[in-house]
Amino acid sequence: MDDFRDSIANALRSRPGTRPQFFNVAVESSRSEMRALLTDSVIGVSDDYREQQRELFAIRNPALAHLREFDAQFDAYYEDLGNAAEGGRWVYFPWSGALSHILDEGDFFTVRTARNRNLITEDEQRKFYGAHVGLAGLSVGSSVAFALALGGGAKRMRLADMDTLSLSNTNRVLSSVTELGEHKVNMAARRIYEINPYAEVETMPEGLTEKNIGNFFEGLDIVVDEVDNLAVKYLLRREAKRRRIPIVMAADNGDGVVIDIERYDLDHDLPFFHGRLGDLGYEELKKMDKINIGRTITRHIGAENVTPRMQESLLEIGKSLVSWPQLGGAAMLAGAAVAYCVRRIVSGEPLESNRALVSFDEMLIPGYDAPSARDKRAEEGHAFAKRFGISV
13 MDDFRDSIAN ALRSRPGTRP QFFNVAVESS RSEMRALLTD SVIGVSDDYR
63 EQQRELFAIR NPALAHLREF DAQFDAYYED LGNAAEGGRW VYFPWSGALS
113 HILDEGDFFT VRTARNRNLI TEDEQRKFYG AHVGLAGLSV GSSVAFALAL
163 GGGAKRMRLA DMDTLSLSNT NRVLSSVTEL GEHKVNMAAR RIYEINPYAE
213 VETMPEGLTE KNIGNFFEGL DIVVDEVDNL AVKYLLRREA KRRRIPIVMA
263 ADNGDGVVID IERYDLDHDL PFFHGRLGDL GYEELKKMDK INIGRTITRH
313 IGAENVTPRM QESLLEIGKS LVSWPQLGGA AMLAGAAVAY CVRRIVSGEP
363 LESNRALVSF DEMLIPGYDA PSARDKRAEE GHAFAKRFGI SV
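Count the sequence shown with the working numbering and you get residues 13 to 404, in order.
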């Protein structure tokens, strides 16, 4: 049994890294390294480089794309490229043992973002891709990171979270049981690289503290706040205000989300949290227990905005529930909403500079906005706030 435990411990210590390895087989030294990899490692190889070139050719020649002569013209183009195996780059992902043949970065970006046009203009896409985004908190934050990467945004990301994946996280974090116990920043980095191998991802698995908050902000254009710790939220705003960097935050609320946008880049006098937490300071927030954290977050969201089932759940924390509930669908919705806000901000497009509520209940439940339904929710919200110990 001891040998068995030792074997498991050794395997855990040898977990693969979080960065892909590139090969340019047109260069002999790189070709030799890749040959050694193919010889020594058990890997899966994917090579649809011809199809990628076909898509690129169609994108560059849209008038030809639906004509009969397209195939012949593409075949001639592809033959002129020469040895296709030496084109582009080969990328090895050590955590999965996969080796993929992809286009060079510029062409890869062109094909990956082609179906964004013209919903996202070329100029907007360029600015979006060039943005350096910091993500603090990688539960809901992981959905934001994936949405940014999927949309062809934020080539450079900096990820900070000290937590590891637990089984209860898997209802809302895109993950698998093979990653249980893994640092969330490492998981997110790997998935970003699998979407865009040319990304540049920095990870801070130590999380954020007073000592390293400045390092986290260095060179960033915008920050996404998805941390649970209220004291760290305060630090993020203090540093963002000092550096004039905008913050976007999403809080799940049942099946919906509450989006908060704080434009410290436009208004240096903007109060933290838009003044919704009053004059609470870092030391007070640092000492809060879980119940008071829940109360403070609820006060920030506004008791009147909390869904009825979330109200019921918050009252059960420490009784029948360990913590506040969070749904996977809401996490994905938050990811899409925050990525939209980030894209608008870094592209210089107009965007609400306060708060937005995204509610499926409001949009899809019959009679939700009827006067009687609104009155009932207001009455229930007032009663909930009183029971939960927050002022209204």
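Every residue gets a Cβ at the ideal spot worked out from N, C-alpha and C, and that includes glycine.
Whole-angstrom distance between residue j and residue i, CA atom to CA atom
i: tyrosine 294; j: asparagine 304; result: 14 Å
i: glutamate 212; j: threonine 51; result: 28 Å
i: alanine 395; j: lysine 299; result: 27 Å
i: phenylalanine 69; j: arginine 47; result: 30 Å
i: valine 37; j: histidine 113; result: 11 Å
i: leucine 282; j: arginine 288; result: 12 Å
i: tyrosine 100; j: serine 42; result: The question names tyrosine, yet the displayed sequence has glycine at residue 100. Rounded to whole angstroms, glycine 100 to serine 42 spans 13 Å at the Cα level.
i: glycine 306; j: alanine 200; result: 26 Å
i: isoleucine 71; j: glutamate 81; result: 15 Å
i: arginine 401; j: alanine 382; result: Correcting the residue type first, residue 401 is glycine in the shown sequence and not arginine. Taking the straight line joining both Cα atoms gives about 29 Å.
i: glutamine 323; j: threonine 310; result: 9 Å
i: isoleucine 329; j: alanine 110; result: 44 Å
i: arginine 8; j: alanine 390; result: The question about residue 8 has no answer here: the residues shown for the chain are numbered 13 through 404.
i: aspartate 277; j: lysine 196; result: 29 Å
i: lysine 167; j: asparagine 208; result: 8 Å
i: leucine 247; j: leucine 49; result: 45 Å
i: serine 188; j: glutamate 40; result: 38 Å
i: proline 362; j: arginine 356; result: 7 Å
i: serine 180; j: valine 152; result: 14 Å
i: valine 318; j: arginine 249; result: 24 Å
i: glutamate 392; j: leucine 369; result: 19 Å
i: glycine 163; j: asparagine 128; result: 8 Å
i: leucine 76; j: phenylalanine 105; result: 36 Å
i: glycine 56; j: threonine 122; result: 26 Å
i: glycine 1; j: tryptophan 102; result: Outside the displayed range of the chain (13 to 404) lies residue 1, so it cannot be described from this structure.
i: glutamate 316; j: phenylalanine 34; result: 52 Å
i: valine 270; j: threonine 30; result: 32 Å
i: arginine 130; j: glycine 118; result: Here residue 130 is asparagine; the residue named in the question, arginine, does not match the sequence. Rounded to the nearest angstrom, the two C-alpha atoms are 18 Å apart.
i: glutamate 251; j: arginine 321; result: 35 Å
i: phenylalanine 229; j: lysine 223; result: 12 Å
i: phenylalanine 284; j: methionine 375; result: 30 Å
i: glutamate 364; j: phenylalanine 86; result: 46 Å
i: methionine 344; j: glycine 360; result: 25 Å
i: aspartate 301; j: arginine 255; result: 30 Å
Residue i, buried or exposed, once every other Cβ within 10 Å from all chains shown has been counted against 16
i: aspartate 237; result: buried
i: asparagine 366; result: exposed
i: threonine 125; result: buried
i: alanine 342; result: buried
i: histidine 78; result: exposed
i: threonine 190; result: exposed
i: aspartate 272; result: buried
i: asparagine 183; result: exposed
i: glutamate 274; result: buried
i: lysine 331; result: exposed
i: glutamine 338; result: buried
i: aspartate 384; result: Residue identity differs from the one stated: residue 384 is serine in this sequence, not aspartate. Classification of serine 384: exposed, given that the 10 Å Cβ count is below 16.
i: asparagine 198; result: buried
i: proline 378; result: exposed
i: proline 28; result: exposed
i: alanine 243; result: buried
i: alanine 84; result: exposed
i: serine 58; result: exposed
i: lysine 245; result: buried
i: proline 32; result: buried
i: serine 371; result: buried
Distance between beta carbons of residue j and residue i, contact taken as under 8 Å
i: serine 155; j: alanine 346; result: 6 Å
i: lysine 139; j: valine 334; result: Lysine 139 to valine 334, Cβ: 42 Å. No contact.
i: phenylalanine 120; j: tyrosine 210; result: 7 Å
i: lysine 253; j: histidine 280; result: 7 Å
i: glycine 165; j: leucine 177; result: That pair is no contact at about 24 Å.
i: isoleucine 1; j: isoleucine 257; result: In the structure as shown, the chain starts at 13 and stops at 404, and residue 1 therefore has no counterpart that could be examined.
i: tryptophan 336; j: leucine 326; result: 6 Å
i: glycine 231; j: histidine 312; result: Incorrect: roughly 29 Å between the Cβ atoms, too far for contact.
CB contact below 8 Å: residue i versus chain C
i: valine 213; result: In the structure shown, chain C does not exist; there is a single protein chain.
Given 8 Å, three or more beta-carbon pairs between the stretch 263-271 and the stretch 216-224: No: fewer than three Cβ pairs fall under 8 Å.
The stretch 80-95 in contact with the stretch 128-137 per 3-pair CB rule at 8 Å: Not touching, per the Cβ criterion.
Contact between the stretch 92-102 and the stretch 144-153: three or more CB pairs below 8 Å? Taking one beta carbon from each stretch, the stretch 92-102 and the stretch 144-153 have fewer than 3 pairs nearer than 8 Å; the two do not touch.
Decide if the stretch 167-181 is in contact with the stretch 251-261; the criterion is three or more beta carbon pairs, one per stretch, under 8 Å apart. Too few Cβ pairs lie closer than 8 Å, so no.
In the stretch 103-130, which residue ranges form an unbroken alpha helix (DSSP H) of at least 4 residues, counting only runs that do not cross its ends? Uninterrupted alpha helix (DSSP H) stretches at least 4 residues long and entirely within the stretch 103-130 occur at 117-124, given in chain order.
Determine, using beta-carbon pairs with one atom in the stretch 106-123 and one in the stretch 57-73, whether at least three such pairs fall under 8 Å. Cβ pair count under 8 Å is three or more, so yes.
Three CB pairs or more closer than 8 Å across the stretch 348-357 and the stretch 157-164: Because the criterion of three Cβ pairs below 8 Å is met, the stretch 348-357 and the stretch 157-164 touch.
Minimum length 4: unbroken alpha helix (DSSP H) runs contained in the stretch 180-216: With a minimum length of 4 residues, the continuous alpha helix (DSSP H) runs that stay inside the stretch 180-216 are 196-207.
Any beta strand (DSSP E) of 3 or more consecutive residues that is wholly inside the stretch 327-392: For the stretch 327-392, whole beta strand (DSSP E) runs of length 3 or above, ordered along the chain, are 367-370.
Runs of alpha helix (DSSP H) lying entirely within the stretch 73-100, each at least 4 residues, in chain order: Taking only runs of at least 4 residues, the alpha helix (DSSP H) segments lying wholly in the stretch 73-100 are 82-92.
Just list the beta strand (DSSP E) runs in the stretch 262-337, keeping only unbroken ones of 3 residues or longer that don't cross its boundaries, in chain order. Complete beta strand (DSSP E) runs here, min 3: 268-274.
Suppose only complete runs of 3+ residues qualify. What are the beta strand (DSSP E) ranges in the stretch 43-70, listed by chain order? If only complete runs of 3 or more residues are kept, the stretch 43-70 shows the beta strand (DSSP E) at 56-58, in order along the chain.
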